[in-house]
Structures are given as C-alpha cells and as structure tokens.
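Some notes on the structure that comes next.
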Amino acid sequence: MDKKNDSKKNNHKQKMQKLKESVDASIAAATIEKGIGILLTGEGKGKTSSALGMVLRSLGYGFKVGVVQFIKGAHPSGEAKFFLHNHPDITFHQMGTGFTWETQDRDGDIKAALETWAIAEDMLKDESYYLVVLDELTYMLSFKYLDEERVLKTLNSRPKNQTVVVTGRGGGKALRDWADTVSEVKEVKHAFNSGIMAREGVDY
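Taking the working numbering, the leading residue of the sequence shown gets -3, the next gets one more, and so forth.
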C-alpha cells in the first residue's frame, strides 16, 4: 500500500515539475512590455462582466481607467451606479440610447454613436489612461454606425502602454486581427431562454 502511495506521489511530483518547467519557460519567453488589445466576443453571457473584472484589477493597482458603453444606458446598470459614485480613478460614459432595436432610429443612433466615439477617441489618445474598455463596440461596426477604418486607426495609434478591451458579438475579421488576445464566450445555456427574468446585480 505504501509503495502504491509513494508511486502516486512520485508520479504527481514529476507531472507538476514538468508543468512548472513549461510555465516558467513561457514566462521567460514573454519579454515584450506593452499594452495589449483584447477582444471579448461570442454568443454567450459574460463579456462585459469579464471586462469589468479587468477594470477592478486596474483600479486596485491605482491605474486610471476609462469605460465607454455603446449600447447600455437607457436603464441604470449596477456598474454605472457603482463606478459613477464610488471611484475617482475611472471615467465612465454610456451612450444612453439603450438597445438599437428599441430606438428603431438609425439616424439618431448613428449620431449618438459618433458623439460617443469622440469621447472614446479622446481616451485612446490620452496616455494617462492605463485601461480603456469599449463595451459593445462591435455592434457599432456591424451596424456600420462607425467607420471601421477610423476605429482601427485610432486603436492602432493609441499610447504604447495603454490596454484596450473591446466587447460584443462579432466585430469582423479586421478587429480580430487587431487584437492580441481574442476570447470567445460560448452560450451553452441561458436562463432567459427558460423564461427567467433578468436580475438586478447579476444581469445588469
């Protein structure tokens, strides 16, 4: 019995040693220090929540953060309530028109998108912002409310140490090519499809 246990322990130790060597080698190979582009996309729930998690990380280190939400805003959200009143190191802006399928006003939505993008552009030119989150920006490109070339030019010319997180479904090949990290959230199951209402503090 002791020999079996010893064998398991030795096997486990050898596996962990190999894993550590692999992780250490990956860390040693990462020698470039700069801000990155992150695209959080896919059909599943959690893209904005993930981006806001990075916001909290940055604020925890005392970094300045900018958040621009391109669709949310017609109704109050928990993140807006918290950040707008509780933290001096964050600039938080919502387009305020709500979902495009609610407004049903293309010209009005384009005008609002351009005004909101101007705010985002200022953040993307300001090196004091360590992290900028462009929440639901992909919809503005998919609906052609914003010019893709203009958006990508601004993203590519931002300060070297600034990280940008873009969220939303789709977004197109050019945005994926721009990003250093692309994560796709897959929907396996969603409570809303079972008739369960969205909940404060969880869904918004």
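Positions of the beta carbon are idealized from the N, C-alpha and C atoms, including for glycine.
Exercise for the section: Verify whether the separation of the beta carbon atoms of Tyr126 and Ser54 is less than 9 angstroms. Expected result: Position 130 of the sequence shown, counted from the first residue, corresponds to residue 126. Position 58 of the sequence shown, counted from the first residue, corresponds to residue 54. When the beta-carbon positions are compared, Tyr126 and Ser54 come within less than 9 angstroms of each other.
Exercise for the section: May I ask which residues mark the beginning and end of the alpha helix (DSSP H) holding Glu111? Expected result: Here residue 111 is taken as the residue at index 115 of the sequence shown, counted from 1. It spans 102 to 120 - the alpha helix (DSSP H) in which Glu111 sits, taken as one unbroken run.
Problem - Beta-carbon proximity of Thr163 to Leu80, cut-off 9 angstroms - result: Translated into the one-based positions of the sequence shown, residue 163 becomes position 167. Translated into the one-based positions of the sequence shown, residue 80 becomes position 84. It is not a contact, given that the beta carbons lie outside the stated cut-off.
Exercise for the section: Pull up the distance between the alpha-carbon of Glu245 and that of Thr150, whole angstroms please. Expected result: This structure does not reach residue 245, given that the chain is present from -3 up to 200, and the question cannot be answered.
Exercise for the section: Give the C-beta separation of Ile34 and Thr177 to the nearest angstrom, bearing in mind that I take them to be a contact with Cβ-Cβ under 8 angstroms. Expected result: Position 38 of the sequence shown, counted from the start, is the residue given in the question as residue 34. Position 181 of the sequence shown, counted from the start, is the residue given in the question as residue 177. About 5 angstroms separates the two Cβ atoms, so the contact holds.
Practice task
Run the CB neighbour count on Glu39, radius 10 Å, all protein chains shown included, and call it buried at 16 or more, exposed below.
Solution key: Within the sequence shown, residue 39 is the residue found at index 43, counting from 1. Result: exposed.
Exercise for the section: Taking Gly33 as part of the beta strand (DSSP E), name the residues at either end of that continuous run. Expected result: As a working note, residue 33 is residue 37 in the sequence shown. It spans 33 to 37 - the beta strand (DSSP E) in which Gly33 sits, taken as one unbroken run.
Handout entry: Lys121 versus Val63 - alpha carbon distance
Key = Residue 121 sits at position 125 when you count from the first residue of the sequence shown. Residue 63 sits at position 67 when you count from the first residue of the sequence shown. In a straight line, the C-alpha of Lys121 is about 14 angstroms away from that of Val63.
Problem - Thr150, DSSP secondary structure in three states - result: As a position in the sequence shown, residue 150 is number 154, starting the count at 1. Correct three-state label for Thr150: helix.
Practice task
Report all residues from its chain with a CB closer than 6 angstroms to the CB of Lys60; omit the five preceding and five following residues, and keep chain order.
Solution key: For this step, residue 60 is matched to residue 64 along the sequence shown. The answer, listed in chain order, is Asp85, Ser124, Tyr125, Tyr126.
Handout entry: Per-residue DSSP class, three states only, for His83
Key = Within the sequence shown, residue 83 is the residue found at index 87, counting from 1. His83 sits in coil when the DSSP states are folded into three classes, being neither helix nor strand.
Exercise for the section: Leaving aside the five residues before and after Val184 along the sequence, list all residues of the same chain whose C-beta is less than 8 angstroms from its C-beta, in chain order. Expected result: To locate residue 184, count along the sequence shown from 1; it is residue 188. Answer for Val184: Gly40, listed in chain order.
Handout entry: Distance between Ser3 and Leu133 (C-alpha atoms, nearest Å)
Key = The count along the sequence shown starts at 1 and reaches residue 133 at position 137. The count along the sequence shown starts at 1 and reaches residue 3 at position 7. Leu133 and Ser3 have their C-alpha atoms spaced approximately 54 angstroms apart.
Practice task
Measure the alpha-carbon distance for Ala114 versus Leu171 and round it to whole angstroms.
Solution key: Sequence index remark: in the sequence shown, residue 114 carries index 118 (1-based). Sequence index remark: in the sequence shown, residue 171 carries index 175 (1-based). Those two C-alpha atoms are separated by around 19 angstroms.
Problem - Nearest-angstrom Cα separation, counted from Glu29 out to Glu20 - result: Locating residue 20 in the sequence shown gives position 24, where the first residue counts as 1. Locating residue 29 in the sequence shown gives position 33, where the first residue counts as 1. Looking at the sequence itself, residue 20 is Asp, so the reference to Glu does not match. Looking at the backbone, the Cα of Asp20 and that of Glu29 are separated by about 17 angstroms.
Handout entry: Trp174 vs Leu148 beta-carbon contact at 9 angstroms
Key = Numbered from 1 along the sequence shown, position 178 holds the residue referred to as residue 174. Numbered from 1 along the sequence shown, position 152 holds the residue referred to as residue 148. A contact, by the Cβ cut-off of 9 angstroms.
Handout entry: 9 angstroms Cβ cutoff met for Phe66 and Thr27
Key = Translated into the one-based positions of the sequence shown, residue 66 becomes position 70. Translated into the one-based positions of the sequence shown, residue 27 becomes position 31. The answer is no: Cβ separation not under 9 angstroms.
Exercise for the section: Assign Lys11 to one of two classes, buried (16 or more other C-beta atoms within 10 Å of its C-beta) or exposed (fewer than that). Expected result: Position 15 of the sequence shown, counting from 1, holds the residue named residue 11. Exposed is the call here.
Exercise for the section: Identify which residue in Asp118, Met119, Gln90 has its Cα closest to the Cα of Ala109. Expected result: For this step, residue 109 is matched to residue 113 along the sequence shown. Checked all of Asp118, Met119, Gln90; the closest Cα to Ala109 is Gln90.
Practice task
My understanding is that Val181 touches Gly49, with C-beta atoms under 8 angstroms, so please give their C-beta distance in whole angstroms.
Solution key: The residue labelled residue 181 in the question sits at position 185 within the sequence shown. The residue labelled residue 49 in the question sits at position 53 within the sequence shown. The pair is not a contact, with the Cβ atoms about 13 angstroms apart (cut-off 8 angstroms).
Practice task
Tell me, please, which residues DSSP counts as bridged to Val51.
Solution key: Along the sequence shown, read from residue 1 onward, the residue named residue 51 stands at position 55. None, per the DSSP bridge assignment.
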